[in-house]
Structure formats: structure tokens, C-alpha cells
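Just so we're on the same page, the numbering used here is the position in the first sequence counted from 1, plus 4. Note that beta-carbon positions come from the ideal geometry of N, C-alpha and C, so glycine has one too. Below is one structure; the comments refer to it alone.
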Amino acid sequence: MPELPEVETIASQLRERGVEGRIIRSVQVNWAPTIEPFTPAEFECLLKGCRIEQISRVGKWMLFSLSSGQTLMVHLRMAGSFALEQGSYDRIVVGLSDGLTLYYRDTRKFGRWKLVDDPQVILRELGPDALTRRFSLAYFEDQLRKRARAVKSVLLDQSVVAGLGNIYADEALWYARIHPERRADSLSDLEREKLFKAVKAVLRQGIRNRGTSLGAGKTNYRQVDGDSGENRGEVRAYGRSGKPCRRCKNTLKKIVVGQRGTTFCPNCQV
DNA sequence: CTATTAGCCTGCCAGC
DNA sequence: TGCTGGCAGGCTAATA
Numbered sequence: 005m006p007e008l009p010e011v012e013t014i015a016s017q018l019r020e021r022g023v024e025g026r027i028i029r030s031v032q033v034n035w036a037p038t039i040e041p042f043t044p045a046e047f048e049c050l051l052k053g054c055r056i057e058q059i060s061r062v063g064k065w066m067l068f069s070l071s072s073g074q075t076l077m078v079h080l081r082m083a084g085s086f087a088l089e090q091g092s093y094d095r096i097v098v099g100l101s102d103g104l105t106l107y108y109r110d111t112r113k114f115g116r117w118k119l120v121d122d123p124q125v126i127l128r129e130l131g132p133d134a135l136t137r138r139f140s141l142a143y144f145e146d147q148l149r150k151r152a153r154a155v156k157s158v159l160l161d162q163s164v165v166a167g168l169g170n171i172y173a174d175e176a177l178w179y180a181r182i183h184p185e186r187r188a189d190s191l192s193d194l195e196r197e198k199l200f201k202a203v204k205a206v207l208r209q210g211i212r213n214r215g216t217s218l219g220a221g222k223t224n225y226r227q228v229d230g231d232s233g234e235n236r237g238e239v240r241a242y243g244r245s246g247k248p249c250r251r252c253k254n255t256l257k258k259i260v261v262g263q264r265g266t267t268f269c270p271n272c273q274v
């Protein structure tokens with residue numbers, strides 16, 4: 005579930021809690037596939053003694069720039085999170101200077117840590133981050149016009165725009181009143197603009213509310229202090245199948261688009 | 001270029 | 001209550 009707003013929330017909370025500027029004293033890897041192709045011993049050797057200079061985010065990637073010149077890039081995938089207190093499912097434990105410990109928690113073990121000399125090796129495969137100026141209306145229109153796929157699949161394609169996942173894609177389409185299965189190249193000028201604005205708006209709202217948690221389970225998104233995100237009450241489409249549309253009162257419907265569960269309003273999303 | 005499937009893992013939930 | 005199958009927010013690789 006961590007999409008752009010959740011990753012942004014976690015990154016900014018780690019900054020607020022003073023992770024930047026600390027020295028890495030130890031690295032304990034409890035689930036080795038997370039750091040492939042390195043072994044836990046190699047990985048600790050490369051990180052130990054490095055200062056964490058800066059924590060940033062691009063799309064759904066978190067970037068820790070290190071004093072060694074390398075960058076630690078973390079993708080939380082389905083269930084990854086960070087905490088500053090020990091818990092269950094801690095796959096990597098990073099001991100920092102001045103007594104702080106960073107816990108990487110990931111029930112489903114899908115998350116991945118990449119240690120790279122140049123972040124561009126990974127970032128050049130991505131389209132512009134959805135909340136930057138590089139993701140402009142002109143760019144988005146151009147991308148939509150040349151793709152025949154379902155518009156929802158285009159929103160989820162990280163090489164087109166980086167940061168949207170299943171929740172915020174459904175939300176943006178609901179706000180723009182566009183049916184998720186519409187061919188991207190069939191949208192009108194007005195629809196493209198409405199969708200563009202909706203994408204930016206739902207992501208900003210997600211950040212303001214510190215992310216969306218859909219349940220209380222162990223695989224659910226959590227802020228750094230363990231709290232749920234507060235955006236759930238704002239959700240209009242995702243996970244509301246069978247419930248009334250908050251705009252027209254029709255019953256929301258769930259279908260599959262590009263192998264992904266998709267909830268929308270058959271009445272007002274056309 | 002687009003679509004489809006399988007795989008990676010574990011927890012959760014509905015249904016029986 | 002207890003078990004089971006199917007499903008889940010992401011992404012990649014392989015195949016058609």
C-alpha cells in the first residue's frame with residue numbers, strides 16, 4: 005500500500021525524528037533476499053561508518069544519500085515500513101549514532117533495498133514524480149494521447165508517472181469522473197485536464213492526512229510511530245464496492261482492470 | 001506496444 | 001469455533 009503519500013510521510017517523519025546526520029554503526033539483516041545481490045556481511049561492511057546525509061523520495065522510492073557517495077534506495081512494495089522502536093517482522097535493524105535504532109519492518113517480505121553508486125540507474129526507468137513540475141499537463145496529455153491501454157493501467161505505469169498505486173489511481177479516476185477502462189487515447193481535452201488535476205489533488209490530500217491505512221492488520225500501512233494514516237475517511241472509491249457513491253448515491257462496483265481490483269461508480273464515471 | 005500469467009510472501013477474511 | 005481457499009496496496013520476468 006505504500007504509494008507516494010505514504011512514502012513521503014515516512015521519509016519526512018524520519019527526517020523529523022533526526023535520522024539525517026547520524027552515523028550507521030551496525031546493520032543486522034534478518035531476511036537476506038531484501039538486500040540481494042549483497043550478502044548481509046557485505047552489506048553491513050558497505051554501510052558501517054557512513055553518515056546518512058539526506059533522506060528524500062522519488063515516486064515510491066526512498067533515497068538515503070550516504071557520505072560514502074553511494075545511495076541506499078528503499079522500495080517498500082506492499083507492506084514495508086520504518087519504525088524507531090522494535091516490533092514484529094523487523095527484517096533489517098540499523099543501529100545509528102547517539103542511541104537511535106531504525107527498524108525496517110515488512111510482513112510480506114516484498115520490499116527491496118538497493119545500494120547504488122548512481123540513483124539514476126533506477127530512476128531513469130521512471131517517469132516524472134507525480135508531484136513535481138516535471139509532471140506537467142502537457143507531458144501527461146502527450147502520454148495519454150499515445151497509449152491505447154486502459155487509462156487506469158496508464159496511471160499505474162511508473163514509467164509514465166511515478167508515485168500512483170491502486171488506491172490513489174481509483175481515487176483520481178473517481179474525482180475526474182472517468183471510467184477506469186476507458187482507452188487512454190480516447191479522453192477529451194477536458195477529461196485529461198480533470199484527471200491531471202485529480203491526480204495531484206488526491207496525492208496532496210493523502211500527504212496532508214499522513215497516508216491511507218485501510219485496516220488494522222499487520223500488512224497495513226503505518227506511520228513511523230505506528231499510527232494508522234488518517235486518509236481513510238477521505239477515500240471515495242477504493243475499497244467501497246457495494247457502498248453508495250458519495251456523489252450520486254449509485255452503488256459502487258468492483259471490476260478487474262489489468263489484473264488489479266478496481267472500484268468505481270458505474271453511473272458517474274463514464 | 002499491449003495483454004496475460006506466474007511468482008515472490010504472509011495475513012486476513014468470507015464462507016462453509 | 002475451526003478450517004480452507006482466495007484475495008491483498010507492488011513489481012518483475014516470461015510468454016503470446
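query: Phe47 - containing alpha helix (DSSP H), residue span; result: 44-51
query: Range of the contiguous beta strand (DSSP E) that encloses Gln58; result: 56-62
query: Cβ neighbour criterion (16 or more within 10 Å) applied to Ala152; result: exposed
query: Outcome for Gln124 when other beta-carbon atoms lying within 10 angstroms are tallied against a minimum of 16; result: exposed
query: Inter-stretch contact (C-beta, 8 Å, three-pair minimum) for the segment 190-205 and the segment 229-236; result: no
query: Three-state secondary structure assigned by DSSP to Tyr107; result: strand
query: Terminal residues of the alpha helix (DSSP H) in which Val31 lies; result: Where Val31 is concerned, there is no enclosing alpha helix (DSSP H), although the beta strand (DSSP E) it sits in stretches over 28-33.
query: Residues sharing a beta bridge with Leu168, DSSP; result: None, per the DSSP bridge assignment.
query: Which listed residue (Gln227, Val228, Cys269, Cys252) has its alpha carbon closest to that of Gly243; result: Cys269
query: CB contact flag (Glu7, Gly169, <8 Å); result: yes
query: 8 Å Cβ cutoff met for Leu18 and Phe114; result: no
query: Where Lys150 falls, given that 16 or more other Cβ within 10 Å makes a residue buried; result: exposed
query: Integer-rounded CB distance, given that Ala166 should sit under 8 Å from Gly63; result: 3 Å
query: Backbone CA spacing between Met82 and Gln32 [nearest angstrom]; result: 22 Å
query: Candidates Arg240, Val239, Lys258, of which the one nearest Gly246 by Cα; result: Lys258
query: Nearest to His79 (by Cα), restricted to the options Gly215, Tyr93, Arg61; result: Arg61
query: Residue interval of the beta strand (DSSP E) (run including Thr266); result: 264-268
query: Cβ shell of Val120 (< 7 Å), same chain only, five flanking positions each side left out; result: Gln74, Thr75, Met77, Ile126
query: Contact set for Arg196: own chain, Cβ-Cβ below 6 Å, skip 5 residues either direction; result: Glu145, Leu148
query: Every unbroken beta strand (DSSP E) inside the segment 114-192 [3 residues or more]; result: 116-120
query: Contact between the segment 170-188 and the segment 198-210 (3+ Cβ pairs under 8 Å); result: yes
query: Ile56 and Gly25 closer than 8 Å at C-beta; result: yes
query: Where the alpha helix (DSSP H) containing Ile259 begins and where it ends; result: Element bounds for Ile259: not the alpha helix (DSSP H) but the beta strand (DSSP E), 257-261.
query: Rounded separation between Val203 and Gly210 - CA only; result: 11 Å
query: Per-residue DSSP class, three states only, for Asp229; result: coil
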